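Scroll down for the structure; my scribbles are underneath it.
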Amino acid sequence: MRDPRRRNGAVPPLERGAPLAVLGPVDYAQKVAVVTGASSGIGYVTARAFAERGSIVVGVARREGLLQKLAEECRTHSPASGYLAGDLGDREFAERVIGDTVQRHGRVDFLVNNAAISKHKQFYHMTADEAEYVMRVNFLSCVWTTMAAIPHMLRQGGGSIVNISSFAAKVSPPRETMYAASKAAMNAFSEGLWNDLAGSNIHVSVINPGPIDTEIWLKEDEPVAYHGPKYPPEIVTDAIFEAIEKRRHEFTVPRRNPQLVMARFLRLFFPSVLRYGIARMEPVPGEIVDRARARAARGKRLGELDEG
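Just so we're aligned: the sequence shown equals residues 82 to 389 in the numbering used here.
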């Protein structure tokens, strides 16, 4: 006999297990927020915004001096706030971030995975170690902190995980191959995680920022391809809190940037036009390809192109 609960062959999500959380006001006071990549830019602004809402903030990054400054600002609103300095590309440290937070504060309610690096580098010049490190910081650190946080969130009855990806996950810009790959992995991870955690009262969101005015543009191995307007990190912070409060899964910000709108349209309906357009806009110089061929003929690997 047909199960009357089934619609188009599927049991509705609310009937598969624990109920999905009901929308309601979010109480940030005395909740614990872990924010990675918190020494500058989006992470810094977001950590400070959590503190202003009364949350206990744990800022995470490598640069301890900047984290100390952040902690001082956060403590004016939330005296128990602090920081952990270390390399999130190291799995042991990434896992310890959550363990130390729970040991000190007893819980973790909000996890914002924002840490990221970019090489702004032609792939012919990328070494295997560089490619791996980009993936470790930008993607795997997110996996490690999330895996460590979920058991605690389950025990306490819920939480929010917000992963800061990039519009590069949708449209890969020139000289950002590994950065785009790491962010595309984060998007796929976030979508799968949302499905796996449905009904657990742990909500998963992913934010895809466009060109945001942060330090990442200054860390150039080669000139960046983008030369248009950049937006303040506060627009990403606003999207993070909207995602938490409205339980939205995915945001792209800024929402009305004409270049992003056109890129999304072309990617959806004319993907080959978009690819060729980007390639024409930022062609790989012929001398780079010639040097790559010459070095390959001598048995050299990528990343060794400028030696000798």
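Note that beta-carbon positions come from the ideal geometry of N, C-alpha and C, so glycine has one too.
Fair warning: this is a prediction, and the values are worked out from it, not measured in the lab.
Output the boundary residues of the alpha helix (DSSP H) element that contains Ala-360.
Position 279 of the sequence shown, counting from 1, holds the residue named residue 360. 352-362 is the span of the alpha helix (DSSP H), which, as asked, contains Ala-360.
Buried or exposed for Arg-217, please, with buried defined as at least 16 other CB atoms from any protein chain shown within 10 angstroms of its CB.
On the sequence shown, position 136 is the one that residue 217 refers to. Burial call: buried.
What residue range is occupied by the uninterrupted alpha helix (DSSP H) comprising Ile-123?
Stepping through the sequence shown from its first residue, residue 123 is reached at position 42. Counting along the chain, the alpha helix (DSSP H) containing Ile-123 begins and ends at 122-133.
Please classify Val-354 as buried or exposed, where buried requires at least 16 neighbouring CB atoms within 10 angstroms.
On the sequence shown, position 273 is the one that residue 354 refers to. Its Cβ having fewer than 16 others within 10 Å, Val-354 is exposed.
Any 3 or more C-beta pairs closer than 8 Å across the stretch 316-330 and the stretch 340-353
No, they do not touch.
Going by beta-carbon coordinates alone, are Arg-203 and Arg-144 separated by less than 9 Å?
Within the sequence shown, the letter at position 122 stands for residue 203. Within the sequence shown, the letter at position 63 stands for residue 144. First, the residue type needs correcting, since residue 203 is Gln and not Arg in the sequence shown. Between Gln-203 and Arg-144, the C-beta spacing is not below 9 Å.
Nearest-angstrom Cα distance between Glu-272 and His-284?
Numbered from 1 along the sequence shown, position 191 holds the residue referred to as residue 272. Numbered from 1 along the sequence shown, position 203 holds the residue referred to as residue 284. Approximately 11 Å between the Cα atoms of the pair.
Using the Cα positions of Ala-196 and Glu-368, report the straight-line distance between them to the nearest angstrom.
Stepping through the sequence shown from its first residue, residue 196 is reached at position 115. Stepping through the sequence shown from its first residue, residue 368 is reached at position 287. Cα to Cα, Ala-196 sits roughly 34 Å from Glu-368.
Can you give the Cα-Cα distance for Gly-456 and Ala-114, rounded to whole angstroms?
An answer regarding residue 456 cannot be provided, because it is not within the stretch 82 to 389 covered by the chain.
Starting from Ala-373, trace the alpha helix (DSSP H) in both directions and tell me its first and last residue.
As a first step, residue 373 is located in the sequence shown; it is residue number 292 there, counting from the start. Residues 367-378.
What residues in its chain sit with their C-beta under 7 Å from that of Arg-134, if we drop five residues either side in the sequence?
By 1-based counting over the sequence shown, the position of residue 134 is 53. Answer for Arg-134: Tyr-109, listed in chain order.
Tell me which residues share the same chain as Val-103 and place their Cβ nearer than 8 Å to its Cβ, disregarding the 5 neighbours each side in the sequence.
Indexing the sequence shown from 1 puts residue 103 at position 22. Confidence at Val-103 is low in this model, with a pLDDT of 42, below 50, so the placement of that residue should be treated as unreliable; the coordinate-derived value is given next. Counting only Cβ-Cβ distances below 8 Å, and skipping sequence neighbours, we find nothing.
Near Ser-447, what residues of its chain come up, given a Cβ to Cβ distance below 6 Å and the 5 sequence neighbours on each side ignored?
No statement about residue 447 is possible, as the shown extent of the chain runs from 82 to 389 and does not include it.
Does DSSP put Gly-170 in a helix, a strand or coil?
Counting from 1 along the sequence shown, the entry for residue 170 is found at position 89. Coil at Gly-170, not helix or strand.
Whole angstroms are fine: how far does the CA of Arg-129 sit from the CA of Glu-154?
For this step, residue 154 is matched to residue 73 along the sequence shown. For this step, residue 129 is matched to residue 48 along the sequence shown. So the alpha carbons of these two residues sit roughly 7 Å apart.
C-alpha gap between Pro-292 and Tyr-214, whole angstroms
As a first step, residue 292 must be located in the sequence shown, where it is residue number 211. As a first step, residue 214 must be located in the sequence shown, where it is residue number 133. If I take the Cα positions, the gap works out to 23 Å.
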